[in-house]
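Below is one structure, written out as C-alpha coordinates, with a few remarks after it.
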(Lines of atoms letter the chains of each structure in order from A and count residues from 1; the text may use other names and numbers.)
(Lines give C-alpha, C1' and ligand atoms only; values in the text may rest on other atoms or scores of the structure.)
Protein backbone atom coordinates (compact mmCIF):
# COMPACT_ATOMS: atom_id res chain seq x y z
CA UNK A 1 0.00 0.00 0.00
CA UNK A 2 1.37 3.40 -0.98
CA UNK A 3 0.96 5.87 1.87
CA UNK A 4 2.92 8.95 0.81
CA UNK A 5 5.00 10.39 -1.97
CA UNK A 6 7.70 13.05 -2.12
CA UNK A 7 9.34 14.62 -5.13
CA UNK A 8 12.58 16.56 -5.45
CA UNK A 9 15.40 17.25 -7.86
CA UNK A 10 17.00 14.05 -6.58
CA UNK A 11 14.18 11.82 -7.76
CA UNK A 12 10.81 10.69 -6.49
CA UNK A 13 10.61 8.85 -3.17
CA UNK A 14 7.59 6.71 -2.34
CA UNK A 15 6.74 5.26 1.07
CA UNK A 16 5.26 1.79 0.62
CA UNK A 17 4.09 -0.83 3.10
CA UNK A 18 3.63 -3.70 0.60
CA UNK A 19 5.71 -3.77 -2.56
CA UNK A 20 3.94 -4.55 -5.83
CA UNK A 21 5.55 -7.34 -7.91
CA UNK A 22 7.27 -4.95 -10.32
CA UNK A 23 8.55 -2.82 -7.42
CA UNK A 24 9.91 -5.85 -5.58
CA UNK A 25 11.66 -7.04 -8.73
CA UNK A 26 13.23 -3.64 -9.36
CA UNK A 27 14.42 -3.38 -5.76
CA UNK A 28 15.96 -6.87 -5.90
CA UNK A 29 17.81 -5.90 -9.09
CA UNK A 30 19.09 -2.75 -7.39
CA UNK A 31 20.28 -4.70 -4.34
CA UNK A 32 22.07 -7.22 -6.58
CA UNK A 33 23.81 -4.42 -8.50
CA UNK A 34 24.90 -2.73 -5.28
CA UNK A 35 26.21 -6.00 -3.85
CA UNK A 36 28.18 -6.68 -7.02
CA UNK A 37 29.76 -3.22 -6.97
CA UNK A 38 30.46 -3.08 -3.23
CA UNK A 39 31.53 -6.69 -2.71
CA UNK A 40 28.95 -7.22 0.02
CA UNK A 41 25.22 -6.94 0.63
CA UNK A 42 23.75 -3.51 1.39
CA UNK A 43 20.74 -5.06 3.11
CA UNK A 44 20.82 -7.93 5.59
CA UNK A 45 19.37 -11.37 4.93
CA UNK A 46 16.31 -10.51 7.01
CA UNK A 47 15.82 -7.32 5.02
CA UNK A 48 16.16 -9.09 1.69
CA UNK A 49 13.52 -11.62 2.70
CA UNK A 50 11.13 -8.71 3.23
CA UNK A 51 11.56 -7.54 -0.36
CA UNK A 52 8.72 -9.73 -1.55
CA UNK A 53 5.63 -8.62 -3.43
CA UNK A 54 2.33 -8.04 -1.65
CA UNK A 55 3.73 -9.38 1.63
CA UNK A 56 3.54 -6.61 4.25
CA UNK A 57 5.31 -7.06 7.59
CA UNK A 58 4.11 -5.24 10.68
CA UNK A 59 6.35 -2.25 11.37
CA UNK A 60 8.26 -2.48 8.07
CA UNK A 61 8.24 0.39 5.56
CA UNK A 62 9.91 0.59 2.16
CA UNK A 63 11.17 3.86 0.65
CA UNK A 64 11.66 3.46 -3.09
CA UNK A 65 13.53 6.21 -4.94
CA UNK A 66 13.15 6.56 -8.70
CA UNK A 67 14.36 8.82 -11.50
CA UNK A 68 12.52 8.80 -14.84
CA UNK A 69 10.70 5.65 -13.75
CA UNK A 70 13.85 3.68 -12.88
CA UNK A 71 14.50 2.60 -9.29
CA UNK A 72 17.78 4.19 -8.18
CA UNK A 73 17.59 4.03 -4.38
CA UNK A 74 16.01 1.95 -1.66
CA UNK A 75 15.64 2.17 2.11
CA UNK A 76 13.96 -0.24 4.49
CA UNK A 77 12.79 0.82 7.95
CA UNK A 78 11.67 -1.49 10.72
CA UNK A 79 10.21 -0.61 14.10
CA UNK A 80 10.47 2.68 15.94
CA UNK A 81 12.05 4.36 18.98
CA UNK A 82 14.53 3.75 17.49
CA UNK A 83 13.73 2.33 14.08
CA UNK A 84 16.34 0.35 12.17
CA UNK A 85 17.34 1.43 8.66
CA UNK A 86 19.22 -0.17 5.76
CA UNK A 87 19.62 1.68 2.47
CA UNK A 88 21.56 1.85 -0.77
CA UNK A 89 21.78 3.74 -4.06
CA UNK A 90 22.40 2.23 -7.51
CA UNK A 91 26.17 2.20 -8.20
CA UNK A 92 25.78 4.06 -11.50
CA UNK A 93 23.77 6.82 -9.81
CA UNK A 94 26.04 7.60 -6.87
CA UNK A 95 27.65 11.00 -6.38
CA UNK A 96 24.55 12.92 -7.49
CA UNK A 97 23.02 13.64 -4.10
CA UNK A 98 20.52 10.78 -4.29
CA UNK A 99 21.82 9.17 -1.11
CA UNK A 100 21.47 12.41 0.83
CA UNK A 101 17.92 12.89 -0.42
CA UNK A 102 17.05 9.32 0.55
CA UNK A 103 18.50 9.81 4.02
CA UNK A 104 16.48 13.01 4.42
CA UNK A 105 13.31 11.08 3.54
CA UNK A 106 14.24 8.39 6.05
CA UNK A 107 14.85 10.96 8.79
CA UNK A 108 11.36 12.35 8.21
CA UNK A 109 10.07 8.90 9.23
CA UNK A 110 12.16 8.73 12.40
CA UNK A 111 10.44 10.84 15.03
CA UNK A 112 11.64 8.45 17.71
CA UNK A 113 15.20 8.14 16.44
CA UNK A 114 16.84 5.79 13.95
CA UNK A 115 19.64 3.23 13.86
CA UNK A 116 21.40 3.15 10.47
CA UNK A 117 23.39 0.13 9.32
CA UNK A 118 26.54 0.79 7.29
CA UNK A 119 27.28 -2.74 6.08
CA UNK A 120 30.96 -3.23 5.43
CA UNK A 121 31.68 0.18 6.94
CA UNK A 122 31.89 1.70 3.45
CA UNK A 123 33.27 5.27 3.50
CA UNK A 124 30.26 6.79 1.71
CA UNK A 125 27.85 5.29 4.24
CA UNK A 126 29.97 6.47 7.16
CA UNK A 127 30.14 9.97 5.66
CA UNK A 128 26.36 10.16 5.23
CA UNK A 129 25.75 9.03 8.80
CA UNK A 130 28.25 11.44 10.31
CA UNK A 131 27.06 14.36 8.15
CA UNK A 132 23.58 13.92 9.61
CA UNK A 133 24.85 13.88 13.19
CA UNK A 134 24.55 10.13 13.78
CA UNK A 135 26.95 8.52 16.27
CA UNK A 136 28.49 5.06 16.17
CA UNK A 137 26.78 2.70 18.65
CA UNK A 138 27.56 -0.83 17.45
CA UNK A 139 30.22 -2.78 15.59
CA UNK A 140 29.28 -6.19 14.18
CA UNK A 141 32.33 -8.16 13.09
CA UNK A 142 32.45 -10.69 10.32
CA UNK A 143 35.16 -13.18 11.22
CA UNK A 144 36.58 -15.89 8.97
CA UNK A 145 38.63 -19.02 9.40
CA UNK A 146 40.48 -21.05 6.76
CA UNK A 147 42.00 -24.10 8.40
CA UNK A 148 41.60 -27.80 9.08
CA UNK A 149 38.61 -28.98 11.04
CA UNK A 150 38.90 -28.67 14.82
CA UNK A 151 38.94 -31.75 16.99
CA UNK A 152 35.57 -33.02 18.15
CA UNK A 153 34.59 -31.79 21.61
CA UNK A 154 32.70 -34.15 23.94
CA UNK A 155 29.15 -33.17 24.81
CA UNK A 156 28.29 -32.59 28.48
CA UNK A 157 27.08 -35.68 30.31
CA UNK A 158 23.45 -36.45 29.54
CA UNK A 159 23.31 -34.39 26.33
CA UNK A 160 22.72 -35.96 22.93
CA UNK A 161 23.10 -34.47 19.45
CA UNK A 162 20.77 -34.87 16.48
CA UNK A 163 19.68 -32.80 13.48
CA UNK A 164 16.60 -30.65 12.93
CA UNK A 165 13.42 -32.30 11.63
CA UNK A 166 11.07 -29.94 9.75
CA UNK A 167 7.50 -30.37 10.91
CA UNK A 168 8.60 -31.56 14.34
CA UNK A 169 11.08 -29.14 15.87
CA UNK A 170 9.88 -25.66 14.92
CA UNK A 171 8.00 -24.75 18.11
CA UNK A 172 10.65 -26.11 20.47
CA UNK A 173 13.43 -24.40 18.54
CA UNK A 174 11.64 -21.03 18.55
CA UNK A 175 11.15 -21.29 22.31
CA UNK A 176 14.82 -22.09 22.90
CA UNK A 177 15.95 -19.37 20.49
CA UNK A 178 13.88 -16.78 22.38
CA UNK A 179 15.34 -17.98 25.68
CA UNK A 180 18.94 -18.10 24.48
CA UNK A 181 18.72 -14.64 22.87
CA UNK A 182 16.46 -12.88 25.35
CA UNK A 183 18.86 -9.91 25.36
CA UNK A 184 19.40 -9.90 21.59
CA UNK A 185 16.14 -8.71 20.01
CA UNK A 186 17.18 -9.20 16.38
CA UNK A 187 17.60 -12.94 16.93
CA UNK A 188 15.43 -13.60 19.96
CA UNK A 189 12.28 -12.13 18.42
CA UNK A 190 12.07 -14.65 15.57
CA UNK A 191 8.55 -15.83 14.75
CA UNK A 192 7.12 -18.88 13.01
CA UNK A 193 7.14 -16.84 9.80
CA UNK A 194 10.81 -15.92 10.18
CA UNK A 195 11.77 -19.56 10.63
CA UNK A 196 9.52 -20.78 7.81
CA UNK A 197 11.06 -18.26 5.41
CA UNK A 198 14.56 -19.61 6.10
CA UNK A 199 13.44 -23.21 5.81
CA UNK A 200 11.97 -22.37 2.39
CA UNK A 201 15.27 -20.87 1.16
CA UNK A 202 17.38 -22.92 -1.30
CA UNK A 203 20.33 -22.98 1.08
CA UNK A 204 18.45 -24.66 3.94
CA UNK A 205 19.81 -28.10 4.82
CA UNK A 206 18.50 -29.85 7.95
CA UNK A 207 21.62 -32.04 8.00
CA UNK A 208 23.57 -28.92 8.96
CA UNK A 209 21.16 -27.83 11.71
CA UNK A 210 22.33 -29.49 14.92
CA UNK A 211 20.17 -29.79 18.04
CA UNK A 212 21.36 -30.73 21.52
CA UNK A 213 18.86 -32.49 23.80
CA UNK A 214 18.84 -33.35 27.48
CA UNK A 215 16.12 -35.83 28.48
CA UNK A 216 14.24 -35.05 25.26
CA UNK A 217 14.32 -31.27 25.80
CA UNK A 218 16.21 -28.92 23.48
CA UNK A 219 19.06 -27.19 25.30
CA UNK A 220 21.26 -25.93 22.46
CA UNK A 221 21.72 -25.70 18.71
CA UNK A 222 24.18 -24.85 15.96
CA UNK A 223 22.61 -23.92 12.64
CA UNK A 224 25.11 -23.86 9.79
CA UNK A 225 24.68 -22.36 6.34
CA UNK A 226 26.42 -22.64 2.98
CA UNK A 227 26.61 -19.30 1.20
CA UNK A 228 26.00 -19.14 -2.59
CA UNK A 229 29.70 -18.34 -3.11
CA UNK A 230 30.76 -21.51 -1.30
CA UNK A 231 31.57 -20.03 2.10
CA UNK A 232 30.48 -21.97 5.13
CA UNK A 233 28.77 -20.01 7.88
CA UNK A 234 28.21 -20.43 11.58
CA UNK A 235 24.68 -19.11 11.08
CA UNK A 236 23.63 -19.11 14.72
CA UNK A 237 24.67 -20.92 17.89
CA UNK A 238 22.37 -20.83 20.91
CA UNK A 239 22.50 -22.44 24.35
CA UNK A 240 19.93 -22.60 27.13
CA UNK A 241 21.17 -20.22 29.88
CA UNK A 242 20.86 -23.12 32.35
CA UNK A 243 23.55 -24.95 30.35
CA UNK A 244 25.99 -22.05 30.17
CA UNK A 245 29.52 -22.83 31.30
CA UNK A 246 29.40 -26.61 30.85
CA UNK A 247 31.10 -26.73 27.45
CA UNK A 248 27.95 -27.26 25.38
CA UNK A 249 28.51 -24.15 23.26
CA UNK A 250 32.07 -25.22 22.47
CA UNK A 251 30.94 -28.74 21.55
CA UNK A 252 28.16 -27.44 19.30
CA UNK A 253 30.51 -25.00 17.57
CA UNK A 254 33.03 -27.75 16.88
CA UNK A 255 30.31 -30.08 15.56
CA UNK A 256 29.10 -27.48 13.08
CA UNK A 257 32.60 -26.60 11.91
CA UNK A 258 33.44 -30.25 11.37
CA UNK A 259 30.26 -30.67 9.32
CA UNK A 260 31.07 -27.69 7.10
CA UNK A 261 34.74 -28.57 6.62
CA UNK A 262 34.72 -32.38 6.54
CA UNK A 263 31.28 -33.21 5.15
CA UNK A 264 30.62 -30.19 2.93
CA UNK A 265 34.25 -29.65 1.92
CA UNK A 266 34.31 -25.94 2.82
CA UNK A 267 37.66 -24.92 4.36
CA UNK A 268 36.65 -21.26 4.83
CA UNK A 269 33.95 -20.54 7.39
CA UNK A 270 32.53 -17.18 8.46
CA UNK A 271 30.43 -15.89 11.33
CA UNK A 272 29.13 -12.63 12.80
CA UNK A 273 29.76 -11.48 16.36
CA UNK A 274 29.33 -8.18 18.17
CA UNK A 275 32.64 -6.51 18.96
CA UNK A 276 31.59 -5.87 22.56
CA UNK A 277 30.90 -9.59 23.17
CA UNK A 278 34.45 -10.07 24.38
CA UNK A 279 33.94 -13.64 25.62
CA UNK A 280 32.59 -14.85 22.27
CA UNK A 281 35.32 -13.01 20.34
CA UNK A 282 37.98 -14.76 22.44
CA UNK A 283 36.38 -18.16 21.83
CA UNK A 284 36.32 -17.62 18.08
CA UNK A 285 39.88 -16.26 18.02
CA UNK A 286 41.06 -19.41 19.81
CA UNK A 287 39.33 -21.43 17.06
CA UNK A 288 41.36 -19.54 14.45
CA UNK A 289 38.83 -16.91 13.35
CA UNK A 290 40.06 -13.42 12.47
CA UNK A 291 38.21 -10.21 11.58
CA UNK A 292 37.42 -9.98 7.86
CA UNK A 293 35.20 -6.86 7.79
CA UNK A 294 32.80 -4.93 10.00
CA UNK A 295 29.24 -3.65 9.88
CA UNK A 296 28.67 -0.37 11.71
CA UNK A 297 25.47 0.90 13.28
CA UNK A 298 24.96 4.66 13.68
CA UNK A 299 22.23 6.15 15.86
CA UNK A 300 20.45 9.36 14.87
CA UNK A 301 18.20 11.24 17.28
CA UNK A 302 15.91 14.21 16.56
CA UNK A 303 17.56 17.49 17.56
CA UNK A 304 15.36 17.86 20.63
CA UNK A 305 16.46 14.47 21.98
CA UNK A 306 20.24 14.73 21.52
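Residue numbers (UniProt numbering): 1 to 306.
Each residue gets a CB set at the ideal place from its N, CA and C atoms; glycine is no exception.
- In the DSSP assignment, the residues bridged to residue 73 are 65 and 89.
- Assignment of residue 190 by DSSP, reduced to helix, strand and coil, places it in the coil class.
- In this structure, residue 253 lies away from residue 211, with their beta-carbon atoms at least 9 Å apart.
- When secondary structure is reduced to three states using DSSP, residue 292 falls in the strand class.
- Ranking 300, 148 and 281 by CA distance to the CA of residue 140 puts 281 first.
- When rounded, the separation of the alpha-carbon atoms in residue 227 and residue 233 is 7 Å.
- In chain order, 297 place their CB closer than 6 Å to the CB of residue 138, counting only its own chain and leaving out the 5 sequence neighbours on each side.
- DSSP places residue 250 inside the alpha helix (DSSP H), whose first and last residues are 248 to 258.
- DSSP, read as helix, strand or coil, puts residue 227 in coil.
- For residue 261, DSSP records no beta bridge to any residue.
- In this chain, the beta strand (DSSP E) harbouring residue 117 covers 114 to 118.
- Nearest to residue 249 by alpha-carbon distance, out of 81, 153, 126 and 98, is 153.
- With 16 or more other Cβ atoms from the protein chains shown falling within 10 Å of its own Cβ, residue 169 counts as buried.
- Sequence-distant partners of residue 149 (beyond 5 residues in either direction) whose C-beta falls short of 8 Å from its own C-beta, in its chain, are 257, 258, 261 and 262.
- The beta carbon of residue 53 sits closer than 7 Å to the beta carbons of 19, 20, 21 and 24 from its chain, once the five residues preceding and following it are set aside; these are given in chain order.
- Taking C-alpha positions only, residue 244 is separated from residue 188 by approximately 17 Å.
- In the DSSP assignment, residue 38 falls within the unbroken alpha helix (DSSP H) covering 21 to 38.
- In the structure shown, the three-state DSSP call for residue 271 is strand.
- When only Cα atoms are considered, residue 181 and residue 208 end up about 21 Å apart.
- Annotation for residue 170: the continuous alpha helix (DSSP H) segment containing it runs 170 to 180.
- With the rule of 3 Cβ pairs closer than 8 Å, the region 281 to 294 does not count as touching the region 107 to 114.
- Here residue 191 is exposed: its Cβ has fewer than 16 other Cβ atoms, across all protein chains shown, within 10 Å.
- CA-to-CA, the gap between residue 174 and residue 221 works out to about 11 Å.
- The region 71 to 80 and the region 28 to 44 touch, with three or more beta-carbon pairs separated by less than 8 Å.
- The C-beta separation of residue 299 from residue 134 comes to about 6 Å, placing the pair in contact by the 8 Å criterion.
- A distance of 9 Å or more separates the beta carbons of residue 87 and residue 49.
- Between residue 161 and residue 92, the alpha-carbon positions lie close to 49 Å from each other.
- Bridge partners of residue 284 according to DSSP: none are assigned.
- In the DSSP assignment, residue 107 falls outside any beta strand (DSSP E) and within the unbroken alpha helix (DSSP H) covering 98 to 107.
- The criterion of a C-beta distance shorter than 9 Å is satisfied by residue 143 and residue 272.
- Boundaries of the alpha helix (DSSP H) harbouring residue 130: 123 to 131, taken from the DSSP string.
- The criterion of a C-beta distance shorter than 9 Å is satisfied by residue 119 and residue 40.
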